[in-house]
Structure formats: structure tokens, C-alpha cells
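Number of protein chains: 2
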Amino acid sequence: MTSSLIGLLADRDSWRSERCSAARALEVLGTPANLLVLREAFYGTTYFQDFVRETPLSEPAMAKRLRELVDVGLLTRVPYQEAGQRTRHRYELTPPGEELMVAFFALMEWGDRHAAPDGGPVRLRHRDCGAQVHPRLSCTEGHILPPGEVEVVAAPTLLSTVAADD
Amino acid sequence: MTSSLIGLLADRDSWRSERCSAARALEVLGTPANLLVLREAFYGTTYFQDFVRETPLSEPAMAKRLRELVDVGLLTRVPYQEAGQRTRHRYELTPPGEELMVAFFALMEWGDRHAAPDGGPVRLRHRDCGAQVHPRLSCTEGHILPPGEVEVVAAPTLLSTVAADD
DNA sequence: TAGCTGACTTAATCTACCTTAAGTCAGCGT
DNA sequence: ACGCTGACTTAAGGTAGATTAAGTCAGCTA
């Protein structure tokens, strides 16, 4: 078994989809297209036309996605003005948006490993030390662990029913 | 700026969506529903009915998702037989499927932080030391770093054009 | 003040994936 | 051999999000 479910299996009902944090994250991300747009943002894209150019999305779709991502607080519109041009807006990651990078980079690494023969077209580098960066599972004791060593346990502080711990 | 794009910006075209590993991963994941199903698998679910019960998906949709996930190699059908029952199949994560855990858990942690008031209903624990586990960006020098310290660089070994490295 | 341009919006249409409601089918127990 | 049951499949219909093709609109340039 890959990850063990520790704790009250009965409690399982208390964290079905409605309560699953990842499910909520997925609601926010909404559609795969939103992740495509975020990818662009992670790569540093901020201009509308660049978003359109770098993704397979059409203008109307992109406008919609960007608006949605701004609405949920992953991007912000920031005004800018180029010489001789009128004021326009760029789209920048908010801190919550930036925090999705870990998940995104994990996805990317997975894609590199399983869909790209040569390891993929981009690398992640630690700005401060230059070493390569990877998303990993890390425990508070400082261990880096493989997925197989993770146990999924019910959170200890559920208001109601936590009597039958092991 | 959140993450800097180092290397040839011109090379940017060489790793647009078609080549982006994460985009490929997204293709495989396909629909948000697939991630829901995988979530269940990560939590330890293996039986068809359990998948149906624990997610908002209907039977036909679940059958379709499971088949697709088996087809792309994230799950395998393994036969089993309960006493007095005919042979049926469970759905187990394959190693590639298991490797998606890092991405999934990162999504979950993000959801915990931004959508769950109390930190979410489940915790991750290191089987061997009991400490809490978090998805993190880790560099090969052993640093755990925030997303802001990551630089996205073009991969060094693209067959063709890599002259202008820094 | 008229025109240009980038950033959208609107409209019509298509498709993918969902739903519910019925089948279908394999094979164990009787 | 017959029926039951869990695991699907089929069918009909809905909705969300995509596409292309045209607008619209703000505001700097001329």
C-alpha cells in the first residue's frame, strides 16, 4: 500500500470531497486551462498578449481565465504604461498564487520524468546557491522522504469526534 | 518578480505549451475529476464502490475516469476475490501514479492554507519518525527554499541551440 | 477631433464531460 | 440451470468551457 490511512476510518466521512482541501484547491483552479495560465505566470509572463501567445488558449478564453484568476485572488491586475501608449494592465502573481508553485513544479517534474525523454526543457535553480531545485516531501525532522513513507492521518483537532485514536 | 527566467528568452519558443512537461502532465490528468479519483487512491481507496462513494462522481463517470487512469498507467487493475464472491478488480496506484503524490499533497497544503480555516482535515506523517510532512522545494545543497528563491532556467542539454549560457 | 491599437466582449457554435435511468454481463451459490 | 449482485455500459440530455469571427472601447498620436 502506498500511503496508509491512520486514524478513524469511520471519520472518513468527515473529510470527503466537500472537506478535502485539495478538492477546494481544484475548485479554485477550476479548469485545466487555469493551470496553463498559472504556468505562464510562474514562468514570468505578465502581459495579456504574451499569455495568449504562449498558450493554446484563444483571446476570449484567456480573458475569461485571467478574470477568474484575478477574482479568486491568484493574480492581480497592475497598471502600467509604455512610452506613448495608454495605460494597460499586467497580471502578476499574488502571494497565494506564488505558493501554488510548489504544486506546479511537482507536476512539472512528474511530467519531465514520465513524458519527456530528455528530462524536460527547463530546470529549477536555487537563486542563492545555484543548486538544482526539486519539489520533495520533507518532514519537520529534516528528512526528505519518498511518497511511500507518508502516512495520511486524520487531523488531531477536529472539533467534534476524536475519541477513538489508536 | 516571483521567479526569474534565466537563459535565452528567445529560446522561449522551444518550450511552449507543446513541450512543457507540466502541460503534458495536465493532459494526462485531463480533467479535474481525474485528480479527484487520484486523491481517493492516495488516501488508500481501491474498490470501485468506494471511489464512487467518496467522490461526487456518478458510476458512469467513475468507470470512465478509472479506465482512463488505467490506460495512461497511473492505476492498475488487480484482481481479487472475496469469500463466496466472484473475482473482481481493485484499482491500485502504479509507481508513476504514486509519484504524483508530491504534487497532490502540495495542492492539498495550499488548500489547507487558503481555504480551510482550521488547517484541513488530514495531516501527513513520516512513517519512520512520526514527524509532520510537507511538500517543499529542496535544492541539492540541502536547502529548503520558498518559491521566491527559485529561478526557472532553460535546460542545459537542448540538442540544438545552447550557446548563450551565462 | 478623427483614427489607430491593444485589450477585451459578444455571439454563435461545438465538444467534452457530467447527470440520471436503464440495461448488460460474469460467475458464485443453490 | 437459474438467479443474484457488483461492476460496469448505453442512451438521452444538460452545462461549462472552448473556438472563430466580429464588435466595442479607451486614450495616445496626429
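Chains A and B are the protein sequences, given in the same order. In terms of our numbering, the first sequence opens at residue 1 and continues consecutively. In terms of our numbering, the second sequence opens at residue 1001 and continues consecutively. Glycine included, each C-beta is placed from N, C-alpha and C at the ideal position. Just so we're clear, the structure is a prediction, and the values are computed from it rather than from any experiment.
Cutting at 7 Å between CB atoms, please list the residues of its own chain near residue i, excluding the five before and the five after it.
| i | result |
| --- | --- |
| residue 1112 (chain B) | 1119, 1120 |
| residue 1096 (chain B) | 1073, 1074 |
| residue 109 (chain A) | 134, 135 |
| residue 1030 (chain B) | 1068 |
| residue 42 (chain A) | 101, 104 |
Write down the C-beta distance between residue i and residue j rounded to the nearest angstrom, noting that I regard them as a contact closer than 8 Å.
| i | j | result |
| --- | --- | --- |
| residue 102 (chain A) | residue 1135 (chain B) | 5 Å |
| residue 1152 (chain B) | residue 122 (chain A) | 6 Å |
| residue 1046 (chain B) | residue 1092 (chain B) | 6 Å |
| residue 1021 (chain B) | residue 115 (chain A) | 6 Å |
| residue 1107 (chain B) | residue 25 (chain A) | 5 Å |
In chain A, what lies closer than 9 Å to residue i by C-beta?
| i | result |
| --- | --- |
| residue 1153 (chain B) | 122, 123, 124, 125 |
| residue 1069 (chain B) | Ordered by position in chain A, no residue passes the 9 Å Cβ test against residue 1069 (chain B), which lies about 14 Å from the chain. |
| residue 1135 (chain B) | 102, 103, 106, 135, 136, 137, 138 |
Would a check of beta-carbon distances place residue i closer than 8 Å to chain B?
| i | result |
| --- | --- |
| residue 63 (chain A) | no |
| residue 150 (chain A) | yes |
| residue 128 (chain A) | yes |
| residue 96 (chain A) | yes |
| residue 26 (chain A) | yes |
| residue 15 (chain A) | For residue 15 (chain A), the predicted structure reports a pLDDT of 47, less than 50, and the residue's modelled location is therefore unreliable. A value from the coordinates is still provided. Interface residue, yes. |
For residue i, go through chain A and note every residue whose CB falls closer than 7 Å to its CB, in chain order.
| i | result |
| --- | --- |
| residue 1132 (chain B) | 139, 140 |
| residue 1066 (chain B) | Result: empty, since nearest Cβ-Cβ is about 16 Å, beyond 7 Å. |
Taking residue i as the query, report the chain B residues whose CB atoms sit under 8 Å from its CB, ordered along the chain.
| i | result |
| --- | --- |
| residue 23 (chain A) | 1036, 1039, 1111 |
If I measure Cβ to Cβ from residue i and keep anything under 8 Å in the same chain, skipping five residues before and after, which residues do I get?
| i | result |
| --- | --- |
| residue 52 (chain A) | 58, 59, 62 |
| residue 1089 (chain B) | 1048, 1077, 1078, 1079, 1080 |
| residue 1040 (chain B) | 1050, 1051, 1054, 1055 |
| residue 1124 (chain B) | 1105, 1132, 1133, 1134 |
| residue 144 (chain A) | 136, 137, 138 |
| residue 1127 (chain B) | none |
| residue 1082 (chain B) | 1088 |
| residue 1070 (chain B) | 1076, 1077, 1091 |
| residue 94 (chain A) | 73, 74, 75, 76 |
Can you find the residues in the same chain that come closer than 6 Å, C-beta to C-beta, to residue i, ignoring five residues on each side of it along the sequence?
| i | result |
| --- | --- |
| residue 139 (chain A) | none |
| residue 65 (chain A) | 33, 34, 37 |
Please compile the residues from chain A whose C-beta is within a distance smaller than 8 Å of the C-beta of residue i.
| i | result |
| --- | --- |
| residue 1099 (chain B) | 110, 113, 114, 147 |
Check whether chain A comes within 8 Å of residue i, counting only Cβ atoms and requiring the distance to be less than that.
| i | result |
| --- | --- |
| residue 1089 (chain B) | no |
| residue 1060 (chain B) | no |
What are the residues of the stretch 1037-1048 of chain B that lie near chain A, defined by any Cβ-Cβ distance shorter than 7 Å? 1039, 1042, 1043, 1044
Given a limit of 9 Å on CB to CB distance, which residues of the stretch 101-115 of chain A reach chain B? Those residues of the stretch 101-115 of chain A placed with their C-beta closer than 9 Å to a C-beta in chain B are 101, 102, 103, 104, 105, 106, 107, 108, 109, 110, 111, 112, 113, 114, 115, ordered along the chain.
Chain B contacts from the stretch 76-88 of chain A (Cβ-Cβ distance under 8 Å): Residues passing the 8 Å Cβ filter: none.
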